[in-house]
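Residue numbers (this note's numbering): 99 to 232.
All remarks here apply to the structure that follows.
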Ligand SMILES: [Zn+2]
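And the structure:
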């Protein structure tokens, strides 16, 4: 039924912004088992952060390495196409604006990258515990 080439399909799939991505589900599950309770994508906060802790005023942003251009990891190569470059640079800009807006409302943010979760989810949990319990 799929009349697209695998290449075209993968471009389309990468372009779909899902709010329930796999890395996000992994982090949610981890935090839940560790006893944390949270809210998801609240409409009343800038950028609708992925996971929020209203009482602590802390938000966790889970970023796909390609989509959010993770500079410290190999998968975040910016494609040569001007269209993609513009799109990705806009994402970088938007991420900055969201974090600044949250900070100005008194919220602290932590970013978790997709590759960190793939490398060691227990390390990510330790990092988030430090962030949340500080
Ligand atoms: Zn990465």
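C-beta: ideal position from N, C-alpha, C; glycine also.
Thinking C-beta only, is residue j closer than 8 Å to residue i?
i           : j           : result
residue 136 : residue 149 : yes
residue 200 : residue 121 : no
residue 230 : residue 156 : yes
residue 168 : residue 211 : yes
residue 207 : residue 162 : no
Can you tell me where the alpha helix (DSSP H) with residue i in it begins and where it stops?
i           : result
residue 156 : First-last for residue 156: 156 to 161, but that is the beta strand (DSSP E), not the alpha helix (DSSP H).
residue 199 : 180 to 202
residue 124 : 120 to 131
residue 170 : Run containing residue 170: none; DSSP gives neither H nor E here.
residue 220 : 219 to 231
Answer yes or no: the CB of residue i versus the heavy atoms of ligand 1, is any distance below 7 Å?
i           : result
residue 122 : no
Grab the span of the beta strand (DSSP E) containing residue i for me, first residue to last.
i           : result
residue 209 : 206 to 211
In terms of DSSP beta bridges, what is residue i paired with?
i           : result
residue 149 : 138 and 158
Worksheet entry | Those residues, in chain order, that have a beta-carbon closer than 5 Å to some heavy atom of ligand 1 | 163, 168, 171, 211 and 213
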